[in-house]
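Residue numbers (the working numbering), protein chains in the order written: chain H, 35 to 148; chain B, 3 to 116. We treat Cβ as the ideally placed atom computed from N, Cα and C, and that holds for glycine. Below is one structure, written out as structure tokens; comments come after it.
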Amino acid sequence: DTAVSQTPKYLVTQMGNDKSIKCEQNLGHDTMYWYKQDSKKFLKIMFSYNNKELIINETVPNRFSPKSPDKAHLNLHINSLELGDSAVYFCASSASSTSYNEQFFGPGTRLTVL
Amino acid sequence: AQSVTQLDSQVPVFEEAPVELRCNYSSSVSVYLFWYVQYPNQGLQLLLKYLSGSTLVKGINGFEAEFNKSQTSFHLRKPSVHISDTAEYFCAVNILLGTDKLIFGTGTRLQVFP
Numbered sequence: 035d036t037a038v039s040q041t042p043k044y045l046v047t048q049m050g051n052d053k054s055i056k057c058e059q060n061l062g063h064d065t066m067y068w069y070k071q072d073s074k075k076f077l078k079i080m081f082s083y084n085n086k087e088l089i090i091n092e093t094v095p096n097r098f099s100p101k102s103p104d105k106a107h108l109n110l111h112i113n114s115l116e117l118g119d120s121a122v123y124f125c126a127s128s129a130s131s132t133s134y135n136e137q138f139f140g141p142g143t144r145l146t147v148l
Numbered sequence: 003a004q005s006v007t008q009l010d011s012q013v014p015v016f017e018e019a020p021v022e023l024r025c026n027y028s029s030s031v032s033v034y035l036f037w038y039v040q041y042p043n044q045g046l047q048l049l050l051k052y053l054s055g056s057t058l059v060k061g062i063n064g065f066e067a068e069f070n071k072s073q074t075s076f077h078l079r080k081p082s083v084h085i086s087d088t089a090e091y092f093c094a095v096n097i098l099l100g101t102d103k104l105i106f107g108t109g110t111r112l113q114v115f116p
């Protein structure tokens, strides 16, 4: 069974469109994250939710809106896509928000904005 | 500002040779340190972590790392690499002050040749 899954795996879209990426974890974890990995492989946290509550919001444009319907799911909606949004987006989860916990990553969603 | 520096963007090595991937961090307070590995087209997975105690930490797949507080380093080593170790390796730090989040280095691409 996949621990952290993301859909879709690939997403190609035009500038200006709105798109969503979904993430689900079956590990029973309380905390979930979204990371962005750019073309140079630099990985940066975007958001973190703990028990459906937003705890980290890293100066991300407000075109990006995370939503956590329950603690097993964390979705990312992006409005008015721009070329610079092209990246690989990773979802991750951990047992709690305490930093010593291992984070488990999903396989990533490669977003290409044309 | 707190940061993580991975000095080598690429490390080529022959199979069965030893390897060291370097990581330095900057922080005036205590830290937790991690090494993650990313195989092609996959998410990250934890190799090992240092929280406290013994400065030599052993991880999966024969990797180990040593925390050196005076040199603010956490270099990753393996005495004999395999082709299957070819991957991107990320050092990450959690500065135990303020927001509880991981800061990742820019990654080191380990390429193992036969």
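Contact check for H:Lys70 against B:Glu90 fails: the beta carbons are separated by 8 Å or more.
If you look at B:Ser54, you'll find it isn't in any beta strand (DSSP E); DSSP assigns it neither H nor E.
Per DSSP, B:Lys71 lies in no beta strand (DSSP E) and is assigned neither H nor E. Here the alpha carbons of B:Ser29 and B:Ile97 stand approximately 7 Å from one another. Here H:Arg97 is not near H:Ser120, since their CB atoms are 8 Å or more apart.
Residues of chain H with a Cβ closer than 9 Å to the Cβ of B:Thr108 are, in chain order, Lys74, Lys75, Phe76 and Leu77.
Using a 10 angstroms sphere on the CB of B:Pro20, the tally of other CB atoms stays under 16, which defines it as exposed. Contacts between H:Gly142 and chain B, judged by CB atoms closer than 7 Å, involve Gly45 in chain order. Look at the beta carbons and you see the segment 11-18 of chain B not touching the segment 39-54 of chain B: under three pairs across the two are nearer than 8 Å. Chain-ordered, the chain H residues with CB closer than 8 Å to the CB of B:Glu90 read Lys75.
Per DSSP, the continuous beta strand (DSSP E) segment holding B:Phe92 begins and ends at Ala89 to Ile97.
From the listed residues B:Leu78, B:Val59 and B:Phe65, the smallest Cα separation to B:Cys25 is found for B:Leu78.
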